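Asks: For the sequence shown, the working numbering gives the first residue as 1, with consecutive numbering after it.
Using N, Cα and C, we set each Cβ at its ideal position, and we do this for glycine too.
All values derive from a computational prediction rather than experimental measurement.
This is the structure I want to talk about, given as structure tokens.
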Amino acid sequence: MKNIAIIGAGMSGITAARTLIKAGHQVTVFEKSLATSGRMATRSTLLGNFDHGTQYFTVRDPRFALAIKSVPGTQELIKPWSVTSVRVLDAQGSVLEAARPPREPHFVAKPGMSSLVEHWSSPIKSKHLLLDALVNSIQVDPKNKNRWLIKTSSKNGALKNHPGFDHVIMAIPAPQIVELLMNSAPKIQDSGFIKPLKDVEIGPCWTLMIAFPQASQPGLAHLGPQWNAAKSTHHRIAWLSRESSKPARGTIERWTIQANTTWSSEHLNDDPSRITAKLLKGFSELTGIYAEPGRTELHRWLYAKTLKPLGQPYLWDAQLGVGTCGDWHIGHRVEDAFVSGLSLALAI
Ligand SMILES: Cc1cc2nc3c(=O)[nH]c(=O)nc-3n(C[C@H](O)[C@H](O)[C@H](O)COP(=O)(O)OP(=O)(O)OC[C@H]3O[C@@H](n4cnc5c(N)ncnc54)[C@H](O)[C@@H]3O)c2cc1C
Numbered sequence: 001m002k003n004i005a006i007i008g009a010g011m012s013g014i015t016a017a018r019t020l021i022k023a024g025h026q027v028t029v030f031e032k033s034l035a036t037s038g039r040m041a042t043r044s045t046l047l048g049n050f051d052h053g054t055q056y057f058t059v060r061d062p063r064f065a066l067a068i069k070s071v072p073g074t075q076e077l078i079k080p081w082s083v084t085s086v087r088v089l090d091a092q093g094s095v096l097e098a099a100r101p102p103r104e105p106h107f108v109a110k111p112g113m114s115s116l117v118e119h120w121s122s123p124i125k126s127k128h129l130l131l132d133a134l135v136n137s138i139q140v141d142p143k144n145k146n147r148w149l150i151k152t153s154s155k156n157g158a159l160k161n162h163p164g165f166d167h168v169i170m171a172i173p174a175p176q177i178v179e180l181l182m183n184s185a186p187k188i189q190d191s192g193f194i195k196p197l198k199d200v201e202i203g204p205c206w207t208l209m210i211a212f213p214q215a216s217q218p219g220l221a222h223l224g225p226q227w228n229a230a231k232s233t234h235h236r237i238a239w240l241s242r243e244s245s246k247p248a249r250g251t252i253e254r255w256t257i258q259a260n261t262t263w264s265s266e267h268l269n270d271d272p273s274r275i276t277a278k279l280l281k282g283f284s285e286l287t288g289i290y291a292e293p294g295r296t297e298l299h300r301w302l303y304a305k306t307l308k309p310l311g312q313p314y315l316w317d318a319q320l321g322v323g324t325c326g327d328w329h330i331g332h333r334v335e336d337a338f339v340s341g342l343s344l345a346l347a348i
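As structure tokens, then:
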């Protein structure tokens, strides 16, 4: 039995944790946020929820399908979203490609996208999960040179040392691993671990969430177009979806608008009010909805979508007892994160 630290409670970290616990190991997951799920995120507002990270996921790998089928309660949580008609729009909102027959089902979790990882982490929550625990560095344990000590801080500034780990898994985006390792033991820095991570590219994404409470008035089913989700070639916007069309989401008309990687990169440090105005303008151009939203929220994802993956499902240095997992090893999808976390745990 090994004592294993996992940094990050997204899909990959929680998948690795569940697998290693099942194999009899002692596991502690460190998560900087106050909740699990990472980029499979759900924002709760008074006007309803928004999935401002992952929009939907697909199930192609038989191991992911098996996990969904066999983890009790998961099938009830997962619903196909009838986004069967993801339109492709041109810059003015005209439909270039209509209602393609779906190649595969698009799934969402209910009541929000974060519910899947929340559900999978619930059995390990009390004994194995530390929330509000930002890992700042990984050091050699002074009491045992073959073990690792994890240093964390919480939002109230409290610092804590967690000694005695045989292994450490970093289940966070590659650039954040590089940053973490720069503050960590020279033993890891000198191991050549960092070099391949520097080649990985992950692009940002500005995401706007808007709600139109006026559209839930009697007789007004929704505003604007008949479709519920679209990819777009607009110079700012890559994706729009009507949140209120997803199962179990509430009726107030809500949209999530995601900027494309190029525009997000070019405007990464712009004033949020300017970003909101620009994305709203693009939204109106694409949907024909010019009504004033009752609520707007903006989120900046610094590391949203893998542009250049590592090309292998995980990294594992058995001598150091240090490994990495996460979607960016092999792709940019939820399923890639699952496969990566599972593959690393099985290798260990
Ligand atoms: C805008 C957007 C849209 C997307 N759309 C889709 C989609 O439609 N379909 C799809 O399949 N995928 C989509 N994805 C990708 C999908 O969300 C990811 O593939 C998946 O969630 C990645 O999981 P992960 O475990 O690898 O990483 P993450 O979910 O990023 O998990 C990492 C976790 O580590 C935590 N963390 C980071 N640093 C530290 C630290 N130092 N200490 C402690 N904790 C730390 C973070 O808070 C986070 O919880 C989208 C992502 C974004 C951002």
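Give the secondary structure of Ala-16 by DSSP, where H, G and I count as helix, E and B as strand, and everything else as coil.
Replies: Of the three classes helix, strand and coil, the one that applies to Ala-16 here is helix, per DSSP.
Asks: Got a sec, what are the start and stop residues for the alpha helix (DSSP H) Met-170 sits in?
Replies: Taken as a continuous stretch (DSSP letters only), Met-170 belongs to no alpha helix (DSSP H), being part of the beta strand (DSSP E) at 167–170.
Asks: Name, in chain order, the residues that DSSP records as bridge partners for Asn-3.
Replies: DSSP, once it has assigned bridges, lists Gln-26 as partnering Asn-3.
Asks: Whole angstroms is fine: what's the gap from Ala-16's alpha carbon to Ile-138's?
Replies: Rounded to the nearest angstrom, the two C-alpha atoms are 19 angstroms apart.
Asks: Since Ile-210 and Trp-255 should fall inside the 8 angstroms C-beta cutoff, what is the C-beta to C-beta distance between them, to a whole number of angstroms?
Replies: With 8 angstroms as the limit, Ile-210 and Trp-255 qualify as a contact, their Cβ atoms being about 5 angstroms apart.
Asks: Given a threshold of 16 other Cβ atoms within 10 Å of its Cβ, counted over all protein chains shown, does Gln-176 qualify as buried or as exposed?
Replies: Buried.
Asks: Where in the stretch 209–291 do unbroken runs of the beta strand (DSSP E), each at least 3 residues long, occur, reported from the N-terminal end onward?
Replies: Taking only runs of at least 3 residues, the beta strand (DSSP E) segments lying wholly in the stretch 209–291 are 229–232, 237–242 and 253–259.
Asks: For Ser-115 and Leu-77, what's the separation of their Cα atoms in angstroms?
Replies: When rounded, the distance between both Cα atoms is 8 angstroms.
Asks: Please state the DSSP three-state secondary structure of Arg-333.
Replies: Three-state DSSP puts Arg-333 in coil, outside helix and strand.
Asks: Just to confirm before moving on: does the CB-CB distance between His-52 and Trp-81 stay below 8 angstroms?
Replies: No. Outside cutoff.
Asks: Express the C-alpha separation of Asp-270 and Leu-20 in angstroms, rounding to a whole number.
Replies: Taking the straight line from one Cα to the other gives about 42 angstroms.
Asks: Enumerated in chain order, which unbroken segments of the alpha helix (DSSP H) with a length of 4 residues or greater are wholly contained in the stretch 146–188?
Replies: Those alpha helix (DSSP H) runs which fall completely within the stretch 146–188 and span 4+ residues are 174–182.
Asks: Which one or two residues does DSSP pair with Phe-107 in a beta bridge?
Replies: Partner(s): Phe-57 and Pro-80.
Asks: Hey, could you find the ends of the alpha helix (DSSP H) Phe-64 is sitting in?
Replies: Its alpha helix (DSSP H) spans residues 62–70.
Asks: Ignore the nearest five residues each way along the sequence and tell me which others in Ala-215's own chain have a CB closer than 6 angstroms to its CB.
Replies: Taken in chain order, the residues that qualify are His-222, Leu-223 and Glu-253.
Asks: Going by the beta-carbon positions, is the gap between Leu-325 and Ala-174 smaller than 8 angstroms?
Replies: Just to set this straight, residue 325 is Cys in the shown sequence, not Leu. Taking 8 angstroms as the Cβ cut-off, Cys-325 and Ala-174 do not qualify as a contacting pair.
Asks: By Cβ distance below 7 angstroms, which residues in the same chain neighbour Leu-268 in space, the five residues on each side in sequence not counted?
Replies: Answer for Leu-268: Pro-204, listed in chain order.
Asks: Alpha carbon to alpha carbon, how far is Ala-347 from Thr-84? Give it in angstroms, no decimals.
Replies: Low confidence applies here, because Thr-84 scores a pLDDT of 47, under 50, leaving its location unreliable; read the following figure in that light. Straight-line Cα distance between these residues: approximately 37 angstroms.
Asks: Within the continuous alpha helix (DSSP H) that includes Glu-118, where are the two ends?
Replies: Segment 115–121, the alpha helix (DSSP H) holding Glu-118.
Asks: When DSSP labels each residue in this structure, what does Lys-308 get in the three-state scheme?
Replies: Strand, per DSSP.
Asks: With DSSP as the reference, please indicate the residues paired to Leu-129 in a beta bridge.
Replies: Bridge partners of Leu-129: Val-29.
Asks: If you draw a straight line from the C-alpha of Leu-159 to the C-alpha of Glu-31, how long is it?
Replies: For Leu-159 and Glu-31, the distance between alpha carbons rounds to 14 angstroms.
Asks: Relative to the C-alpha of Asp-336, which candidate in Ile-68, Ala-5 and Arg-60 has its C-alpha closest?
Replies: Nearest C-alpha to Asp-336: Arg-60.
Asks: Tell me which residues share the same chain as Lys-151 and place their Cβ nearer than 8 angstroms to its Cβ, disregarding the 5 neighbours each side in the sequence.
Replies: For Lys-151, where only same-chain residues beyond five positions count, the Cβ hits under 8 angstroms are Val-135, Asn-136, Ser-137, Ile-138, Gln-139, Leu-159, Lys-160, Asn-161 and His-162.
Asks: Could you round the C-beta distance between Ile-352 and Lys-305 to whole angstroms and report it? I think they count as a contact, below 8 angstroms.
Replies: Beyond the ends of the chain as shown, which are 1 and 348, falls residue 352; an answer cannot be given.
Asks: To the nearest angstrom, how far is it from the Cα of Lys-246 to the Cα of Asn-228?
Replies: So the two alpha carbons sit approximately 9 angstroms from each other.
Asks: So, are the CB atoms of His-119 and Val-27 less than 8 angstroms apart?
Replies: No, the pair does not count as a contact, with Cβ atoms beyond the cut-off.
Asks: Under the assumption that Leu-149 contacts Asp-141 (Cβ atoms under 8 angstroms), give the Cβ distance between them as a whole number of angstroms.
Replies: Yes, Leu-149 and Asp-141 are in contact; Cβ-Cβ is about 4 angstroms, under 8 angstroms.
Asks: Mind checking which residues open and close the beta strand (DSSP E) that includes Ile-138?
Replies: Residues 134–140.
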